[in-house]
Amino acid sequence: MDGIIDNLTSAINTWNSKLAEIWLLLTESPESFKGGDIWKIIVKVHESLQAIGLALLVLFFVWGLIRTCTS
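The sequence shown begins at 11 in our numbering and counts up by one.
Here it is in structure tokens:
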């Protein structure tokens with residue numbers, strides 16, 4: 011009977027340790043995850059896409075303005 015209880019205790023301890031690891035991953039900020047390298051790349055990609063989006067917004071605004079004024 012002690013073997014079963016020891017086995018269950020070991021399983022519960024393993025479960026608790028894995029849940030603690032998951033909780034640490036979920037509550038860690040993106041800036042500190044793996045030294046922040048991944049977050050820096052994401053920020054650079056976001057800035058690039060934002061610049062492209064702003065350029066397209068201005069382009070289509072001017073295009074629409076020219077079409078309206080020349081019609």
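Ideal Cβ placement from N, Cα and C applies to all residues, glycine included.
Discussion item. Let me check understanding here. Comparing Cα to Cα, which of W49, L34, W33, I32 lies closest to P40?
Written reply: Its Cα nearest to that of P40, the residue W49 stands out among W49, L34, W33, I32.
Worksheet item: Where do the N-terminal and C-terminal ends of the alpha helix (DSSP H) with S27 fall, by residue?
Response: It spans 12 to 37 - the alpha helix (DSSP H) in which S27 sits, taken as one unbroken run.
Discussion item. How far does the alpha helix (DSSP H) with G74 in it extend, from its first residue to its last?
Written reply: DSSP places G74 inside the alpha helix (DSSP H), whose first and last residues are 47 to 80.
Worksheet entry | Chain-order list of residues whose beta-carbon lies under 8 Å from that of A61 (same chain, five-residue window excluded) | Within the same chain, no residue comes within 8 Å of A61 by CB-CB distance, once the 5 residues on both sides are set aside.
Worksheet item: Alpha carbon to alpha carbon, what distance is there between S81 and L66?
Response: Taking the straight line joining both Cα atoms gives about 22 Å.
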